[in-house]
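S.K.: In the numbering used here, the protein residues as written are 678 to 1309. All residues carry an ideal CB built from backbone N, CA and C; glycine is no exception. Keep in mind the model is a prediction, meaning the values are calculated, not measured.
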Ligand SMILES: Nc1ncnc2c1ncn2[C@@H]1O[C@H](COP(=O)(O)OP(=O)(O)OP(=O)(O)O)[C@@H](O)[C@H]1O
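1) Measuring only from the beta carbon, is residue 1049 closer than 7 Å to any heavy atom that is part of ligand 3?
2) Is any non-hydrogen atom of ligand 1 found closer than 7 Å to the C-beta of residue 988, if you look at the structure I gave you?
3) So, helix, strand or coil for residue 851, using DSSP?
4) Checking the sheet assignment: what are the DSSP bridge partners for residue 1097?
5) I'd like to confirm something about residue 972: is its beta-carbon nearer than 7 Å to some heavy atom of ligand 1, or not?
6) Tell me which residues share the same chain as residue 1157 and place their Cβ nearer than 7 Å to its Cβ, disregarding the 5 neighbours each side in the sequence.
7) Closest to residue 1173 by CA distance: which of 1216, 1137, 1268, 1257 is it?
8) Taking residue 1224 as part of the alpha helix (DSSP H), name the residues at either end of that continuous run.
9) Within a Cβ cutoff of 7 Å, which residues of the same chain sit near residue 1197, ignoring the five residues on either side of it in sequence?
10) Tell me whether the stretch 1044–1057 and the stretch 949–957 touch, counting them as touching only if at least three CB pairs, one residue from each stretch, are closer than 8 Å.
11) For the pair the stretch 1004–1020 and the stretch 1122–1141, tell me if three or more CB-CB distances fall below 8 Å.
12) By Cβ distance, which residues of its chain are closer than 7 Å to residue 1291, with the 5 residues on each side in sequence left out?
13) For a quick check, are the C-beta atoms of residue 945 and residue 1007 less than 8 Å apart?
14) Less than 6 Å between C-beta atoms, sequence neighbours within five positions excluded: which residues of the same chain meet that for residue 863?
15) Kindly indicate which residue of 1179, 1030, 992, 1150 has the alpha-carbon position closest to the one of residue 1090.
16) Going straight from the alpha carbon of residue 947 to that of residue 913, what length do you get?
17) Would you call residue 881 buried or exposed, if buried means 16 or more other Cβ atoms sit within 10 Å of its Cβ?
18) Would residue 1075 and residue 1265 qualify as a contact pair, given that the criterion is a beta-carbon distance under 8 Å?
19) DSSP state of residue 1146, grouped into three classes?
20) Would you say the beta carbon of residue 1005 comes nearer than 7 Å to a heavy atom of ligand 1?
21) Is there at least one non-hydrogen atom of ligand 1 closer than 7 Å to the beta-carbon of residue 1094?
22) For residue 1152, write down the residues that DSSP places opposite it in a beta bridge.
23) Got a sec? Which residues, its chain only, sit under 6 Å from residue 1142 by beta carbon, not counting five neighbours each side?
24) Inspect the CB distances between the stretch 1095–1112 and the stretch 1177–1192 and report whether three or more fall short of 8 Å.
25) Excluding the 5 residues preceding and the 5 following residue 1200 in the sequence, name in chain order all residues of the same chain whose CB lies nearer than 8 Å to its CB.
26) Please determine, among 1129, 1097, 1152, 1084, the residue with the shortest C-alpha to C-alpha distance to residue 1113.
27) Helix, strand or coil for residue 1004 per DSSP?
28) Taking residue 1262 as the reference, give the member of 851, 1117, 1110, 1289 with the closest Cα.
29) With burial defined as no fewer than 16 other Cβ atoms inside 10 Å of the residue's Cβ, what is the status of residue 1259: buried or exposed?
30) Would you call residue 1293 buried or exposed, if buried means 16 or more other Cβ atoms sit within 10 Å of its Cβ?
31) Using a Cβ-Cβ cutoff of less than 8 Å, which residues in the same chain neighbour residue 1046 once the five nearest sequence positions on both sides are dropped?
32) Which of the three DSSP states is assigned to residue 1283 in this structure?
33) Measure the alpha-carbon distance for residue 1014 versus residue 1281 and round it to whole angstroms.
34) Return the CA-CA distance between residue 1289 and residue 915, expressed in angstroms with no decimal places.
35) Measuring alpha carbon to alpha carbon, tell me which residue in 960, 853, 973 is nearest residue 917.
36) Taking 7 Å as the cut-off, is the C-beta of residue 851 nearer than that to any heavy atom in ligand 1?
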């Protein structure tokens, strides 16, 4: 692709973004109405800052990304009725919830804003288990190998601690960056990113003109110059800075298969799974004031300003309530809830521009579903209700724990829950086989129960949402933002379809797929065959009694091969329920593959099936194999 073409795309892109800025900006609207003075004073500064950012990008380098490591201790202790101290330099032990913190540092006393605070270095305060949860969240191993440390992405050659984990990894260190929170700032953010990508493409094209098109390791010509490695990293880091819906879409892309998203892009997108940039105190405090009232400190004994995790929509901080309970406070980034619509449209534009969207993805439908899901995820009051519901549903199921919600310190944009500990699923992969089998079995048991017993499912399969506590053999569950229920009729037919897949009953698979809306009935034989084969592959773990070894059977690559055919020949997008459901189901399978677990899947399915009450019979009875003898 020629440099000219990229330049013209750049111009087109800029005009689109300019239009977006114009439409979204109240200041520019005011200017249109004649209030030019207001425009200059309110937007001038922002424009200047963004313009200088642009200069940084157009110099052809990724911006110098600072890692501001504050020397300031991060835990603040609040003086209140229940936590009195004399204000002198005398130090007192900070309050600790039972069973969590053990390595406690002595706090030192400082005066700030009239509030007497005690501060302590959070590094010392942090307990082992929590720091494990934190680091695993931040330092998710990535497939990106080699590469130099550019001061932003720390190169960490992972030392294999298990025969299962040998890939060298590159870790991304968290950066402190203000969240672009106004429509103008977000539009400029995308503008910067688009301009950076365009410039990266121009550079790459020029390089190829001079040096020829490079080839990949397997001797294939490299991807188009817009999809260069540098650009892919630029895209990933840009999304980490934008946060919100933009990052969420990046995260969704990052768990796609190589048949959908090219491998170099997937590698770079791994960065987006390691967490977002961190918002500074200057942005955090106003959110807390606005959401919990300016006296929010009075509800807490201490608050740790160093985040446990920086997720896509909010950042999570450790705190201790007045009655000594250690909690995790998820605090939403400002502006992200109001920018879902425009963020997704802007990311869509960027992806179109980079040709990253495969044909046949029925993106409009996926985008519509993503917008609805994200709007719900931004409402932490809904998440609190879902979390409480899950806590109740799972109260009788051994091996799972859902932390309490602390209502007094929660709101629409702040969610406070009991702090839990444990290691995420990918780290469980380093434990012994018996443990991995057990955790794999529990993950599948949970998934089947959620869909076929509760009809209420937490649909975000992120490994960090399942924290395994080895001491109690319990999986602690977090993040219920994407929880949703499924209609009984849908679940009835879905269970019949799963049984048909497990029993290799092609007639049943096709019939149920039509009833569920996966097929229209007008599909070609090629499509029907690919669809049925894909169903059989997914049904494989449930096909035979006895243990199914996930690692030795390569489900994902078999599915990928069929995926391309299905994308080409399918006539209808999947039903809305399928987006979240299949994300969750594939997440459960991927977790078992990652764990290398052997699980008696058919037994688990039959336990559910045997007790299931169908509301109605399908019009044409589904032929299912008579051998249900999986429970041997
Ligand atoms: N109760 C808790 N106890 C311990 N750690 C927690 C707790 N809640 C959240 N965390 C930490 O914060 C991270 C992000 O929290 P959560 O997944 O709820 O946020 P999110 O915005 O929904 O994230 P995502 O971007 O994955 O959707 C978790 O992966 C975990 O490391």
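M.R.: A quick look at the data gives this:
1) The ligand content of the structure shown is limited to ligand 1, which means ligand 3 is not among them.
2) yes
3) coil
4) Note: residue 1097 sits in no beta bridge, so no partner.
5) no
6) 1060, 1063, 1064, 1067, 1135
7) 1216
8) Here residue 1224 belongs to no alpha helix (DSSP H), and DSSP marks it neither H nor E.
9) 1248, 1249
10) no
11) no
12) 1169
13) no
14) 857, 1016
15) 992
16) 8 Å
17) buried
18) no
19) strand
20) yes
21) yes
22) 1077, 1145
23) 1155, 1156
24) no
25) 1208, 1246, 1247, 1248
26) 1152
27) strand
28) 1117
29) exposed
30) exposed
31) 1253, 1256, 1257
32) helix
33) 39 Å
34) 47 Å
35) 853
36) no
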